[in-house]
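The working numbering numbers the first residue of the sequence shown as 847 and each following residue consecutively.
Where a beta carbon is used, it is the ideal one built from N, C-alpha and C, also for glycine.
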Amino acid sequence: MSDSLAYFTPMVVLTFLSIALVIFSIGDAVDIKYLKREVAEIKQQLKQIELKREVAELKAENHKLKELAKDGDK
């Protein structure tokens with residue numbers, strides 16, 4: 847009886863460990879997918895910030911050119 851129990855117990859433990867490993871692997875895959883989505887959103891936000899900065903710089907340059915044109919007309 848104890849021989850079968852000695853064989854059975856490690857098998858049960860290994861089975862539970864295997865199941866736990868699969869569950870954690872699935873969780874990691876979901877986390878990685880979520881993180882990739884977050885990285886893509888952050889990259890998009892950075893691109894928008896950069897474009898807004900470029901627009902602001904172009905507006906400032908446009909304003910300076912208009913001021914120079916006004917000064918040239920005087």
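With a cut-off of 8 Å, does the C-beta of residue i fall near any C-beta of chain C?
i	result
V859	Among the chains in the structure shown there is no chain C, since it carries only a single protein chain.
Identify, in the order they occur along the chain, each residue of the same chain with its Cβ nearer than 7 Å to the Cβ of residue i, setting aside the five sequence neighbours on each side.
i	result
K910	none
Threshold first: 4 residues or longer. Then list the alpha helix (DSSP H) segments lying entirely within the region 847-890, N to C. none
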